[in-house]
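Novice: Residue numbers for the sequence shown follow our numbering, so the first one is 7 and each next one is one higher. Where is the CB? At the ideal position from N, CA and C, for every residue including glycine. All figures in this text were calculated on a predicted structure; none of them were measured in a lab.
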Amino acid sequence: MGHFHVVGAGLAGLACAVALSRAGRPVTLYEAAPQAGGRCRSYFDDHLGRTIDNGNHLLMSGNTVALAFVDTIGSRDTLTGPDRAEFPFVDLRTNQRWVVRPGASPLPWWLLVPSRRVPQTRLADYRSGLGLLFAGCAATVNEVFDPAGALYQRFWEPLAVAALNCDPTEGAAALLRPVLLRTFGRGAAYCQPLVAARGLSETFADPAVRFIEAHGGTVCFGATLRATEWRDDTPIALRFDSESVPIASGDRVVLAAPPTAVQRLLPGLTVPEGSNAIVNAHMRFDGPVDWPWRAPLAGLIGGTAQWIFHRDDIVSVTVSAADALAEQPSEDIAAILWQDVARALGRSDVTPPAIRVVKEKRATFHQTPAQVARRPGPRTRWPGVFLAGDWTDTGLPATIEGAILSGERAAREAMTSR
Ligand SMILES: Cc1cc2nc3c(=O)[nH]c(=O)nc-3n(C[C@H](O)[C@H](O)[C@H](O)COP(=O)(O)OP(=O)(O)OC[C@H]3O[C@@H](n4cnc5c(N)ncnc54)[C@H](O)[C@@H]3O)c2cc1C
């Protein structure tokens, strides 16, 4: 049996190596960083004295691929969320507050009850959601919805910016469709918010590494793939800093690194270009936070902060499509975001807590119709070489669900290809 070489231990590479080792295939996973998880990881922050995530990550109960993955690696119990689907919102300009609570049925009967709708919206406004079902590949989000309407500003826009990490004037509407169909489109059981209770690494990365090793696989950290050596079009060695790993005939290589790195390794491969930033600010309070909602997150409208999350004594803010904000000094960002948080929590009297700003400048690829069209599938024209990553053509946005799906798909392709 040939050996499987997986490059990149983000969620795509981990999911690929988990699937391969689970199927009894010999696998080595190479990761440039000293830890697994890639863009979905935790670390200890000295300033806050807490373990924090590189960014808040939201999963929904409709993310069935991701949930099956955490079941496999044995970390499902580290995901937490309310037992009902509910999404609190605050309009920071008016302090108006509401909670979106989808009903159990896939048909949105709950919209017939005016008090359950987003404030200042009419039943007829929700027809705009149907436009998404028929959105073509070239359509952007704000070509599908009416950007002037309250429903857009208070629901569609925050949802689209969070899901696509892209300004709605540019974001691909077609990528938002599967998000909606797999969650809100299936009823409340599929849109319960879930977060990693003890941090992303404890839910996704560390148990996956343990699973791979327990199933006979090897995980190498600090292993940056610098180049691939070829004979004709077939890879014969992977060149790392300190060694060259020979690729025997019958071996398979899965590249699960970001698109720029993969393109350097496979010149001529078409990949999406450009990326968008996500800015997070983690705020450590002195003592328990008086969190007013049952859900672990709330949407903020009308400020700079877009979503706030709560875990123990930490409140974290997410700002997606944050390229301009990410250019500002961290102290200025902290001050701006604290104002929004203080207003949302009614804590304007309190002195600002310790704050850590994390800028992920290349959080996801630029998810516009033009760049989505450049996503490659898992197979390449190079024999024995496969691709995984949230940027490959999964039909989903660049998310946990998409990354894991891509890794499992690449594993299947690599195992079945001749
Ligand atoms: C701040 C932030 C917030 C997010 N929020 C959400 C959210 O709420 N919900 C959600 O579903 N998704 C969210 N995402 C997206 C999600 O994190 C990603 O889609 C997912 O983690 C991508 O995984 P990946 O394996 O495709 O890529 P990566 O995580 O980028 O993994 C690639 C790996 O390859 C390694 N590598 C690179 N070059 C080499 C090389 N030459 N040799 C060896 N290794 C190499 C890298 O170090 C990295 O570990 C968020 C992302 C960010 C950054």
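#1: How big is the Cα-Cα spacing for A144 and I410?
#2: Distance check for G142 and I82, CA to CA, integer angstroms please.
#3: Using CA coordinates, which residue listed in F75, K365 and L351 is at the minimum distance from D212?
#4: Could you give the residue range of the alpha helix (DSSP H) that holds L17?
#5: Please check the pair H11 and I218, which I expect to be a contact at CB under 8 angstroms, by giving their CB distance rounded to whole angstroms.
#6: Relative to the C-alpha of V24, which residue among R424, E419 and G223 is closest?
#7: Please classify S281: is it buried, with 16 or more other beta-carbons within 10 angstroms of its beta-carbon, or exposed?
#8: Is L113 buried or exposed, if buried means 16 or more other CB atoms sit within 10 Å of its CB?
#9: In chain order, what residues of the same chain have a beta carbon less than 7 angstroms from the beta carbon of I79, not counting five sequence neighbours either side?
#10: As an exercise, report each continuous alpha helix (DSSP H) stretch of at least 4 residues that is fully enclosed by the stretch 84 to 115, in chain order.
#11: As an exercise, report each continuous alpha helix (DSSP H) stretch of at least 4 residues that is fully enclosed by the stretch 214 to 279, in chain order.
#12: Tell me whether the beta-carbon of V13 lies closer than 7 angstroms to the beta-carbon of L231.
#13: Which first and last residues belong to the beta strand (DSSP E) in which D51 is found?
#14: For a test of your reading of the model: does the CB of E249 fall under 6 angstroms from any non-hydrogen atom of ligand 1? Yes or no.
#15: Taking the C-alpha atoms as reference points, what is the distance between V391 and R99?
#16: Ignoring anything shorter than 4 residues, give me the alpha helix (DSSP H) runs that lie fully in the stretch 287 to 364, in order along the chain.
#17: Return helix, strand or coil for V201, following the three-state DSSP convention.
#18: At which residues does the beta strand (DSSP E) containing T127 begin and terminate?
#19: Using 10 angstroms around the beta-carbon of S354, count the other beta-carbons present and answer buried if the total reaches 16, otherwise exposed.
#20: Let me make sure I understand the geometry here. Which of S423, A42 and A21 has the alpha-carbon closest to that of F227?
#21: Using only the alpha-carbon positions, how far apart do A341 and P265 sit?
#22: Taking all protein chains shown into account, do 16 or more other C-beta atoms lie within 10 angstroms of the C-beta of L136, making it buried, or fewer, making it exposed?
#23: For A229, which residues from the same chain have a beta carbon less than 7 angstroms from its beta carbon, with the 5 sequence-adjacent residues on both sides left out?
#24: If you count every other CB in all the chains shown that lies within 10 Å of the CB of K367, and 16 or more means buried, which is it?
#25: Which residue comes first and which comes last in the alpha helix (DSSP H) that contains V71?
#26: Given a threshold of 16 other Cβ atoms within 10 Å of its Cβ, counted over all protein chains shown, does A72 qualify as buried or as exposed?
#27: By the three-class DSSP mapping on this structure, what secondary structure does S134 have?
#28: How long is the line joining the alpha carbons of R380 and T374, rounded to whole angstroms?
#29: Do you know how far the Cα of G55 is from the Cα of G30?
#30: Using a 10 Å radius around the Cβ and a threshold of 16 neighbouring Cβ atoms, would you call A7 buried or exposed?
#31: What separation, rounded to the nearest whole angstrom, lies between the Cα atoms of V260 and T386?
#32: What's the C-alpha gap between G274 and P384?
#33: Using 6 angstroms as the cut-off, classify the Cβ of I406 as near or not near the heavy atoms of ligand 1, replying yes or no.
#34: Here's a check: name, in chain order, each residue in its chain whose Cβ is nearer than 6 angstroms to the Cβ of W313, leaving out the five neighbours to either side.
#35: Report the option in M421, P389, I284 and R415 whose CA atom is closest to the CA atom of N60.
Specialist: With the given structure in hand:
#1: Within the sequence shown, numbered from 1, the residue matching residue 144 stands at position 138. Within the sequence shown, numbered from 1, the residue matching residue 410 stands at position 404. In a straight line, the C-alpha of A144 is about 26 angstroms away from that of I410.
#2: Here residue 82 corresponds to residue number 76 of the sequence shown, with the count starting at 1. Here residue 142 corresponds to residue number 136 of the sequence shown, with the count starting at 1. Strictly speaking, residue 82 in this sequence is Arg, with Ile absent from that position. For R82 and G142, the distance between alpha carbons rounds to 36 angstroms.
#3: Numbered from its first residue, the sequence shown carries residue 212 at position 206. Cα-wise, what sits closest to D212 is F75.
#4: Stepping through the sequence shown from its first residue, residue 17 is reached at position 11. Where L17 is concerned, the enclosing alpha helix (DSSP H) stretches over L17 to R28.
#5: The residue given as residue 11 occupies position 5 in the sequence shown. The residue given as residue 218 occupies position 212 in the sequence shown. Not a contact, Cβ separation roughly 13 angstroms.
#6: Against the sequence shown, residue 24 aligns to sequence position 18. Selected option, being the one with the closest Cα: G223.
#7: Looking up residue 281 in the sequence shown gives position 275. Classification of S281: buried, given that the 10 Å Cβ count is 16 or more.
#8: Locating residue 113 in the sequence shown gives position 107, counting from the first residue. Answer is exposed; the Cβ neighbour count stays below 16.
#9: Position 73 of the sequence shown, counting from 1, holds the residue named residue 79. The answer, listed in chain order, is V24, P213, A214 and F217.
#10: none
#11: 265 to 271
#12: In the sequence shown, counting from the first residue as 1, residue 13 sits at position 7. In the sequence shown, counting from the first residue as 1, residue 231 sits at position 225. Contact flag set, yes.
#13: Here residue 51 is taken as the residue at index 45 of the sequence shown, counted from 1. Looking at the DSSP string, the run of the beta strand (DSSP E) that includes D51 is S48 to D51.
#14: Here residue 249 refers to the residue found at position 243 when the sequence shown is read from its first residue. No, Cβ of E249 sits at least 6 angstroms from all heavy atoms of ligand 1.
#15: Within the sequence shown, residue 391 is the residue found at index 385, counting from 1. Within the sequence shown, residue 99 is the residue found at index 93, counting from 1. Cα to Cα, V391 sits roughly 52 angstroms from R99.
#16: 329 to 332 and 336 to 351
#17: One-based indexing of the sequence shown puts residue 201 at position 195. Residue state, collapsed to three classes: strand.
#18: Position 121 of the sequence shown, counted from the first residue, corresponds to residue 127. Counting along the chain, T127 falls outside any beta strand (DSSP E), and DSSP gives it neither H nor E.
#19: To locate residue 354, count along the sequence shown from 1; it is residue 348. Exposed, because fewer than 16 other Cβ atoms sit within 10 Å of the Cβ of S354.
#20: For the purposes of this step, residue 227 is identified with residue 221 of the sequence shown, where counting begins at 1. The shortest Cα separation from F227 among S423, A42 and A21 belongs to A42.
#21: If you number the sequence shown from 1, residue 341 lands on position 335. If you number the sequence shown from 1, residue 265 lands on position 259. Cα-Cα distance, rounded: 34 angstroms.
#22: Taking the sequence shown and counting its residues from 1, one reaches residue 136 at position 130. L136 is exposed by the Cβ-count criterion.
#23: Walking along the sequence shown from the start, residue 229 turns up at place 223. The answer, listed in chain order, is Y36, E37, A38 and F246.
#24: In the sequence shown, the residue the question calls residue 367 occupies position 361. Exposed is the call here.
#25: For the purposes of this step, residue 71 is taken as residue 65 along the sequence shown, with counting starting at 1. Looking at the DSSP string, the run of the alpha helix (DSSP H) that includes V71 is T70 to I79.
#26: Position 66 of the sequence shown holds residue 72. A72 comes out buried.
#27: Residue 134 sits at position 128 when you count from the first residue of the sequence shown. Three-state DSSP puts S134 in a helix.
#28: Numbered from 1 along the sequence shown, position 374 holds the residue referred to as residue 380. Numbered from 1 along the sequence shown, position 368 holds the residue referred to as residue 374. Answer to the nearest angstrom: the Cα atoms are 10 angstroms apart.
#29: Within the sequence shown, numbered from 1, the residue matching residue 30 stands at position 24. Within the sequence shown, numbered from 1, the residue matching residue 55 stands at position 49. Those two C-alpha atoms are separated by around 41 angstroms.
#30: Within the sequence shown, the letter at position 1 stands for residue 7. Inspection of the sequence shows that residue 7 is occupied by Met rather than by Ala. Exposed, since its Cβ has fewer than 16 Cβ neighbours within 10 Å.
#31: For the purposes of this step, residue 260 is taken as residue 254 along the sequence shown, with counting starting at 1. For the purposes of this step, residue 386 is taken as residue 380 along the sequence shown, with counting starting at 1. One C-alpha to the other measures close to 10 angstroms.
#32: What you label residue 274 is simply residue 268 of the sequence shown in a count that begins at 1. What you label residue 384 is simply residue 378 of the sequence shown in a count that begins at 1. So the two alpha carbons sit approximately 16 angstroms from each other.
#33: Position 400 of the sequence shown, counted from the start, is the residue given in the question as residue 406. For ligand 1, at least one heavy atom lies less than 6 angstroms from the Cβ of I406.
#34: Taking the sequence shown and counting its residues from 1, the one referred to as residue 313 is at position 307. Excluding positions up to five away in sequence, the list reads L303, G305 and T324.
#35: Taking the sequence shown and counting its residues from 1, the one referred to as residue 60 is at position 54. The option with the nearest alpha carbon to N60 is I284.
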